[in-house]
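**Q**
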Amino acid sequence: MIDLIDVRKVYARRGAEPVIALDGINLTIPSGDIHGIVGESGAGKSTLIRCLTALERPTEGRILVDGDDLTRLSPRELRNARRRIGMVFQGGNLLDSRTAAQNIALPLQIGPEVRRNRSDVHGRVSELLRVVGLEGRASSYPSQLSGGQRQRVGIARALADNPSVLLCDEPTSALDSETTDQILDLLKSVRASFGVTVLVITHEMGVVRRICDSVTLLERGKIAATGAVSDVVADTASALSRRIVPKPYMDPDASRGSAIVDIAFTSSPGEPTGSRVLGLAAEFGADIATGSFETIGSTQVARLALTVDPAHAQRIARSFAAAGVNAEVRA
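Residue numbers (the numbering used here): 35 to 365.
As structure tokens, this is what we get:
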């Protein structure tokens, strides 16, 4: 579990106003969750990662990983605590002079407290090569691997010391769509197999939709929104919902003379929510112009754009809201 309590990070600047990179961050990520952190450049994502890995100390606040406050540990205790945190970098960030197996073994071979025999290291590396699907590439150097294979090595290296937390900094931003899907599936498999808590820093909303249980939006160092992904995307009025599942595009010519009411709802397999909402649309005199359906975990999320008589748009939106369906009139 990760707990951030009133975390604040301020950078002093000579002759200028200080930069507030993180401002009152309070966030709990339960054990075993996959949590996404999203936001524009400068929102504080990189600073958050550096604080979570204890590469920087927050100016104020506490950071707890599995109950240990990283801000209050001695240097030796902090070195040991860091071993419970695996880091996956953009593009793998491998050492070019070491083979895939040697890169994976590196966390098992460094640090004054490390005392492992060669057979144990070899066994762990072989196990992780199987986990990430690279059994035959142990002796390959990074230059001989594809981008996706390098990222697989990076994930295996992050898992080498049996961490309880896996921090992933833009793990798919340099990959094509097919390879991205493969890496995201691997991260889900790793979570299921090892029970790790996964924190993913990303600007790709497809990553959030595909693997995240929950998500947090950072803006100017503050939490602008946070929650379960299925709950967030069902709130059509929220900025984060629009980022994760954008409103359906409407051809202006197709909607000329009509008002557009955007609705969003969630359902689980076997629930008749969709049929109920379609029935409401017919009852309220709304036509479905376009829409999208996404499956996020076990939850189905729908966003529909309805065309209605402009004179009745606000009333129809209120009627949907009264029936428990998020709705708003598009400006």
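Quick reminder that beta carbons are idealized off the backbone N, C-alpha and C, glycines included.
Of all the options K256, A361, T341, E328, which has the alpha carbon lying nearest to the alpha carbon of V44?
**A** Residue K256 is the option with its Cα nearest to V44.
**Q** So, are the CB atoms of I63 and I36 less than 9 angstroms apart?
**A** Cβ distance < 9 angstroms, so I63 and I36 count as in contact.
**Q** What does the alpha-carbon distance come out to for the pair L312 and D269?
**A** Straight-line Cα distance between these residues: approximately 18 angstroms.
**Q** Drop a sphere of 10 angstroms on the beta-carbon of Q183, count the other beta-carbons inside from all chains shown, and report buried for 16 or more, exposed for fewer.
**A** By the neighbour-count rule (16 or more Cβ atoms within 10 Å), Q183 is buried.
**Q** Can you give the Cα-Cα distance for S366 and E204, rounded to whole angstroms?
**A** There is simply no residue 366 to check, as the chain begins at 35 and stops at 365 in what is shown.
**Q** Whose CA, out of L142, V295, D287, Y283, lies closest to the CA of A271?
**A** Minimum Cα distance to A271 is reached at V295.
**Q** Starting from C202, trace the beta strand (DSSP E) both ways and give me its first and last residue.
**A** Residues 199-203.
**Q** Are the CB atoms of S248 and G67 within a distance shorter than 9 angstroms?
**A** What sits at residue 67 in the sequence shown is Asp, not Gly. Yes, the pair counts as a contact, with Cβ atoms nearer than the cut-off.
**Q** Helix, strand or coil for H237? Go by DSSP, reduced to three states.
**A** DSSP places H237 in coil when its eight states are reduced to three.
**Q** So is G240 in contact with chain C if we call contact Cβ pairs under 9 angstroms?
**A** Protein chains in the displayed structure number just one, and chain C is not present.
**Q** Which same chain residues, not among the five before or five after T206, have their C-beta less than 7 angstroms away from its C-beta?
**A** Excluding residues within five positions, the ones whose Cβ falls inside 7 angstroms are T214, I217, L218, E238, V241.
**Q** Taking the straight line between their C-alpha atoms, what separation do you get for I144 and D195?
**A** Roughly 11 angstroms separates the two Cα atoms.
**Q** Would you check if there are 3 or more beta carbon pairs closer than 8 angstroms linking the stretch 82-100 to the stretch 278-289?
**A** Result no; under three Cβ-Cβ pairs closer than 8 angstroms.
**Q** Round the Cβ separation of A298 and V263 to the nearest angstrom and send it over; I've been treating them as touching at under 8 angstroms.
**A** No, A298 and V263 are not in contact; Cβ-Cβ is about 13 angstroms, not under 8 angstroms.
**Q** How is the alpha helix (DSSP H) around I257 delimited, first residue to last?
**A** Not the alpha helix (DSSP H): I257 falls in the beta strand (DSSP E), residues 256-262.
**Q** Leaving out five residues before and five after A315 in sequence, what residues of the same chain have Cβ atoms less than 7 angstroms from its Cβ?
**A** Taken in chain order, the residues that qualify are I322, L340.
**Q** Roughly how many angstroms separate the alpha carbons of V187 and G125, rounded to a whole number?
**A** About 10 angstroms.
**Q** Should V232 and L200 be called a contact, given that it needs their Cβ atoms to be closer than 9 angstroms?
**A** Contact: yes.
**Q** Taking the alpha helix (DSSP H) that S275 falls in, what are its first and last residues?
**A** From DSSP, the alpha helix (DSSP H) with S275 extends over 273-278.
**Q** Nearest CA to the CA of G358: which residue from T307, R132, G319?
**A** Closest by alpha carbon: T307.
**Q** Just curious, the alpha helix (DSSP H) that D215 is in, first and last residue?
**A** Taken as a continuous stretch (DSSP letters only), the alpha helix (DSSP H) holding D215 covers 211-228.
**Q** At the level of alpha carbons, what is the spacing between L327 and R364?
**A** The question names Leu, but residue 327 in the sequence shown is Phe. Spanning the two alpha carbons is a distance of roughly 19 angstroms.
**Q** Can you tell me whether G319 is buried or exposed? The criterion is at least 16 other CB atoms within 10 Å of its CB, across all chains shown.
**A** Its Cβ having fewer than 16 others within 10 Å, G319 is exposed.
**Q** Check for me: the beta strand (DSSP E) holding G325 runs from which residue to which?
**A** Residues 321-330.
**Q** If you run the structure through DSSP and keep just helix, strand and coil, what is G304?
**A** Note: G304 maps to coil in three-state DSSP.
**Q** How many Å lie between P282 and T324 at the Cα?
**A** Each residue's alpha carbon lies about 6 angstroms from the other.
**Q** Span of the beta strand (DSSP E) holding D154?
**A** Segment 152-165 is the alpha helix (DSSP H) holding D154; no beta strand (DSSP E) there.
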